[in-house]
Each structure stands twice: as structure tokens, then as C-alpha cells.
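Engineer:
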Amino acid sequence: MAAAMHPWLVEFIQRIDDRRLPPAHAAGGVLGDADLFDLFESQLDSRLLDLQSRLMQAAGQSFYTIGSAGHEGNAAVAKALRVTDPAFLHYRSGAFFIQRAKQSPGSTPLYDMMLSFAASADEPIAGGRHKVLGSLHLNVPPQTSTIASHVPKAMGTAFAIGLSKRLNHQGTWPHDAIAMCSFGDASANHSTALGAINSASWAAYQQIPMPLLMVCEDNGLGISTHTPKGWIQQQLSQRPSLKYFFADGSNLAETYLVAREAADYVRQKRKPAVLHLRTVRLFGHAGADAEVAYRSKQEIALDSERDPLLHSCAALISRGLLDHQQLIAYVQQQQQRIARIAAQASQQPKLETAEQVMASIVPPKRQGDLPAPVSGEQRTNLFKWDKHNAGKPQHLAKLINLALHDLMAQHQNIVMCGEDIAKKGGVYHVTQHLMEAFGPNRVLNTVLDEQSILGLAIGMAQQGFIAMPEIQFLAYVHNAEDQIRGEAATLSFFSNGQYTNPMVIRIAGLAYQRGFGGHFHNDNSFAVFRDIPGVILLCPSNGRDGALLMRQAVDLAAREQRVVIMLEPIALYMTRDLHQEGDGGWLHEYPDPQEPTPALGEPSIHGNGNDLAIISYGNGYYLSRQAEAKLTEQGHNVRVLDIRCLVPLHVDKIIDALGGCKKVLIVDECRRRGSLSEELFTELHERKPGMFTVSRLNAEDSFIPLGKAAYSVLPSTEQIIAQAQRLLEAN
């Protein structure tokens, strides 16, 4: 029995039969007959997959209908590239994916894509978690929402390929590879894309290798919003150090010729280029999109005449490769084949449990041993610039700096990047002397663009580096949080653990700064990180923990391929004293590199009192230690817990650390609404109902003002003492 046929396909076949095809484009000898048919096959299969997906959706068997119809010219781009060139694909790249699969014998792209449409757990890249175009062996990292959010990491990957050669690092992709990404004309206006394009140009302008091919597939529409005529060419053709190419996506020969020229330019010159590919969008944005609501029938009809499949059919017939009836028979044959594949794919198992869905949130651990810390003469030379401070207690910033020296010497694939981190050593000098020790290829100054900094890090991490980007201030990360939330954290999830981006993101933040601040530099909220699955957030309050947690962060990235955020309290960077000026109570000795790091989530404990436990972190822990001393003078037996690992909270370990304390004060320097204390308060009551009497002390629900006024909205030592006394006196 013949499978049901989509109405568009019925009309398409009728057009061929009626010989209503457009004039054939001149091939110019660029594509041989076999190559032309090969590309047409990829185009046709992509279109038939789109149509089958819509039929499946009507039957409740498919769940995603943003298709590639009208963009199938990108098959020629795939043919112009190597399978070893990483490709970060726009969601209208079905034909590209099918064509690339032909470079890897044994690939089954039609079945794999159909499994993705059907959200089957057997789908080989995402395991049914999303409809994605991705493959490990085809070097196509999966993308989900490709509204330009993938462009920064494509830029980062291109940079990392060049960096690998300079550092003699054998990464995921070879030294002669180029990175490719595709995006639509509407996405070309997104700040994420603009930042990445600017960063690529910025690097190339300085003769830094940036082998990146960006393909802007311009169909003139962003859902219902028209792109002004000529805008994309004007925007992309006049950027410094960015080569511009243009091709008509309905003309396979032209597209292949220009794509090959663009790819050759990028590969040989190691400079970025953009291929502006004119396309057409057919069938609306997605299955539920009614184009007639915002486009005239005439406009829709004109676009249908630009259908690349019609032009490819005309080229085949003009060459005499097939006659009209043979072409119809071939189209019908492929349609029946894809219908059979769909019938099989739709019956394959789905994800059924939360455990199955969440299995890939945390990446798989790497096998093998990590390099040992450096020692002996090598380590002596590493620290000879600071030998006058050897053995002396130091503050947080200094001990983090020493840890970074040890770690970068131990792990030759650590690369740091960020604004001002190189010669200047960062705003707070935490990275000073690192560039002198490890060179400008491992300690990189970047543009002032957090999206590009994080995208650069993701690209480097996918190339096998341990990326360590720095964000100067916590408030700055909000410009780019999707690079963590939507890109770095999701890669393992949407690739079933096949792609990972191990990295340590250093962020200077939190409040209580003196002499500098205001909201933008004194931000006391990290709520943006607290609901991102798989991300780890560490926060040291003192130098000893700063060194140990930095080692732990790198170990988690290197061994477990995790995305780790190191939140470093600015106000405690240079703090030396605890109770009174000159006491040196907040200075610590540098822990030996062989000293074990604490178990993840294990809080540190000061004191062993059972009258009251104060739980805090960062600046709150520092203030709580001051309060504890006063409370002890008053005859109270108090212990103070420093959580250290803020995301995820390891509540069982915190409860164990409470010992016999039944009264608990949570001191949280972040705002009362949306703070970590809410989670901890709830968890204590849910895990141990009725066991604890818990009170919270938070900052006010306010932004941080400038100067001394900041302390009016933040917890103080006096407030901690007062609230602790009320809790101790309560029955």
C-alpha cells in the first residue's frame, strides 16, 4: 500500500509532469553529473523528511516542524567542506547534514533524523531529548535554539584550532580544520552574533589565526518580520578583516563554487569569512505558522518559484540525466522509502522516566590519570619571582594566584582568557605573573564582551583545552548568561554525554567592597546560576579554601568534564585581619599541592559548639566568624559552617556538620527573595521535619548603592549577633 503523500509533494510531482520548471541555471562545468545528482538527492531527502515530519505531527508521532524547506542549497556548502571541519548548524540545515553524512561511510542520516523527529530514545546524538542536528563522528555538535547563541562558540572553536597548532596540542579537530557555523538573516542582528563576528574580525585584524566560515542563510524573514532588502550584504560586507562571499542558494553550481572558494580562503589564510547565501523559506516558520497572516499570496507565490528543488530538477533534466517521468519515479521512490523509515522510527522507544531524561546532565568521567603537580627545581623556578613571600601567610587573592601557577604548570592544556588578565594581571591582580610564566597563548586578553569571552571558552573546551575564562564582575555575566545556561550547561545533555566543554569560569563578585562599588560592581546575587542543571558553583571565603577549591574546580573539569563556576568574593581578596586591625586573622598559609581537596559539598567547620550553628559562605562567613567570637565571650557555644559549594547544595553533608545543634541561623549576604537561604531553609525542614529551629538573616531586597550606604542593606556583624541572641533565647 502506498504511503500517504503530502499535498505539496502531489503538486510538485504535477509540476514536473506538466513541465512547469524554471529555466536551468548554467552549471559552468563546476559540478559533474554525478556530483549534481548527489547534491539533488540530499536536497530531495531533506525536503521529504520535512514533509514526512508534518504528516507524523498530524498523527501525533512528531514533535518539531521547523524544517529546512527552501534552504536545501546548503548541501553544496557541506560538499565544499571536510568531514573533519566542525559544523555548528542552523536548524534549517537538514540537507547539509545529509550531504555531510555521505563523507562517512555507514552513516544513516535519514533514519537518525527521523528518530529525532519522533523523540526516540534510540536517536544517536540527543537520545530523544530534543530535535537536533548533531553527530559525533560527523563533527556536528548539536545545537538547540540557534538564534545566534552558537556563533560565539563557533568563533571560540576556530580560535582554539589555531591555538592548538601554536601550542602543539592535539585537540578534537585537526590543525588544518576550519570551523563553520550557519545562521539566519534575522539572527544576524542578534547581539550574540554581532559580538562573535566582531571578535572574529578583531582577532583577524591582529593577524591572530581565526579559521571561521560563517554562513548567513538569508531568506528575508525572521518569523514574520521582514529583513530590509540589502541589509545583510551591507552589514556583513564592510567589516574589517572579514572576507565576504555571496551565492544564490537556488543555484547548486554557484553555491558549490562560491562555498569552495570561501572554504579555501579560510583554510589557507586562516582568516574568517562570511558566505551570504540567498535562500527562500517555504511552508512558513514552523508547522503552526500561517504565513497568510503576515504575507501576501503574491509574495508567497513568488518565493515558491525560487524553490531550490525546482531549479535542481531543471538542471538534471537539462543535462539529460533524467527525463521528466524518470524524475517523477525517483521522487516517488524516495518518498516511499522515507515513509517506511518514518514508520519504523515512530515505533522506537521513547524516554519514559526522569532518570532516563537526566542521565546525560552530568558528563561521563574521563579515564586515565591526571598529570602530577610539578615539583623540585621546576616548581622553584616557577615561583622564584615571589621567593621573598615563601612560607608567609597570605590573603585570598594571593593564594588563588599561587594555585593558578601550580595548576597551569601541572595541566598544560589550561588556557585563561578574559579582559585585562594578561600583563595587568586582572583588575585585582589575581592573575599577575601568569602571562610571564606561561606566555600569551595561554593567558589571553580578550575584547570587552562577555558573550565572546564565554563563547571563546566553550570553543576551547570542545577542542580539548581546560578553559578558564574570567568575568571581571558578577553583574557583567548577566550580559552573557545564556552562554552558560543555554550553551555550556546543555551540551552534555543534548549530546548524551558525547560532547562536553570542561571549564572553570572565574567570576569576581559579591558585595561589601570598600571605596568602590555601586550595583554594577558590588552585585550580591548569583541566583542566575542556581537553577542550571549540572553546573557547579564554588565560593571560597579565605585564601586556604581559595587554593583548595581552585584545585578542586580544575580537577572537576579535567576528570569529570564539568562546567564549574568559581565565585570569588572581591571584598575578601585583600582582607588580612579578622577581629581587629593588624591581627592577621584572615591570612593563611598556602596548602601543599599534594594536600587532598575537600569532598565536594563538604562544608568547613569552625568550632564545635552545640548551642547554635551559623551557616554561611563568602562575606557572610567572614562576618559570622566575627560574631562567633563575640557570642563565645558571652558564654554561648557556637559553631560556624562555611558551605563553600553553593550549587548544588549538599544538604546531607551540611546536616552532618551541624552535629548536635538544633538551632540554626543562616546568614546569606544575598537578597532575601531568590537567595540560597530559601533553598537551605526549605531543605532542612523537609529532610528533618521538626528537628531544627531555623532563622534567616539576609540582605534587603535592594540593589546595592554607592559608598557607605551599601552597608545599610547588607547583613552586618551586629545584626548576626542580635539575631543569634534572639534564637538562643527562644524556647
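Read in UniProt numbering, the sequence shown has 382 at position 382, and its numbers run on one by one without any break. Heads up, the beta-carbon is just placed ideally off N, CA and C, and yes, glycines get one too.
1. Name, in chain order, the residues that DSSP records as bridge partners for F183.
2. Just to confirm the assignment, what range does the alpha helix (DSSP H) spanning P569 have?
3. How would you label E254, buried or exposed, when you count the other beta carbons within 10 angstroms and need 16 or more for buried?
4. Do three or more CB pairs link the stretch 550-557 to the stretch 494-509 at distances below 8 Å?
5. If you measure between the beta carbons of H71 and E305, is that distance less than 9 Å?
6. Taking just the CA atoms, how far does V647 sit from Q626?
7. Using the three-state DSSP reduction, which class does L444 fall into: helix, strand or coil?
8. Does DSSP put C661 in a helix, a strand or coil?
9. Are the beta-carbon atoms of A179 and A158 separated by less than 9 Å?
10. Where does K392 land, buried or exposed, given buried means 16+ other C-beta within 10 angstroms?
11. Assuming S360 contacts S149 under a Cβ cut-off of 8 Å, what Cβ separation, rounded to an integer in Å, is found between them?
12. Using a Cβ-Cβ cut-off of 6 Å (strictly less than) and excluding sequence neighbours within five positions of D38, which residues of its own chain qualify?
13. What's the gap between the Cα of I328 and the Cα of R19?
14. If I follow the unbroken alpha helix (DSSP H) through F493, where does it start and stop?
15. Looking only at its own chain, which residues have a Cβ that is under 6 Å from the Cβ of V266, when we skip the five neighbours before and after it?
16. Going by C-alpha to C-alpha distance, which of K229, H276, L612 sits closest to L242?
17. Quick one: does H606 have its CB under 9 Å from some CB of chain D?
18. By the DSSP assignment, the beta strand (DSSP E) with L609 in it spans what residues?
19. Along the chain, which unbroken stretches of the alpha helix (DSSP H) at least 4 residues long are found entirely within the stretch 151-195?
20. Between the alpha carbons of V694 and N542, how many angstroms are there, rounded?
21. If you draw a straight line from the alpha carbon of G620 to that of V667, how long is it in whole angstroms?
22. So for F117, helix, strand or coil by DSSP?
23. Return the residue from the list S346, A286, L407 that minimises the CA-CA distance to S120.
24. If contacts are defined as beta-carbon pairs under 8 Å, then E700 and R671 qualify, I think. What distance do you get, rounded to the angstrom?
25. Please determine, among P705, A722, S616, the residue with the shortest C-alpha to C-alpha distance to E678.
26. Rounded to the nearest angstrom, what separates H90 and L474 at their Cα positions?
27. If you pair each beta-carbon of the stretch 383-400 with each one of the stretch 518-531, do three or more pairs fall below 8 Å?
28. Once DSSP output is grouped into helix, strand and coil, what is the label at R696?
29. DSSP state of D642, grouped into three classes?
30. Smallest Cα separation from residue 801: which of G29, W173, H25, L49?
31. Curious, which full-length alpha helix (DSSP H) runs of at least 4 residues does the stretch 254-322 contain?
32. Within 10 angstroms of its Cβ, does G426 collect 16 or more other Cβ (buried), or is it exposed?
33. Got a sec, what are the start and stop residues for the beta strand (DSSP E) I471 sits in?
34. Have a look at M113 and L133 and give me their C-alpha separation to the nearest angstrom.
35. Leaving out five residues before and five after E589 in sequence, what residues of the same chain have Cβ atoms less than 6 Å from its Cβ?
36. Under the assumption that L21 contacts I317 (Cβ atoms under 8 Å), give the Cβ distance between them as a whole number of angstroms.
Structural biologist: On the basis of the coordinates in this document:
1. C216
2. No alpha helix (DSSP H) contains P569, which is instead part of the beta strand (DSSP E) from 563-569.
3. buried
4. yes
5. no
6. 25 Å
7. strand
8. coil
9. yes
10. exposed
11. S360 to S149, Cβ: 19 Å. No contact.
12. none
13. 11 Å
14. 491-494
15. I178, P211, L213, A273
16. H276
17. Annotation note: the requested chain D is absent from the structure, which comprises a single protein chain.
18. As written in the sequence, residue 609 is Gly, which differs from the Leu given in the question. No beta strand (DSSP E) holds G609; DSSP gives it neither H nor E.
19. 151-167
20. 26 Å
21. 6 Å
22. helix
23. S346
24. 7 Å
25. S616
26. 31 Å
27. no
28. strand
29. strand
30. Summary: the structure shown does not reach residue 801, with the chain confined to residues 1 through 731, and so no result is reported for it.
31. 297-304, 308-318
32. buried
33. 466-471
34. 7 Å
35. P393
36. 7 Å
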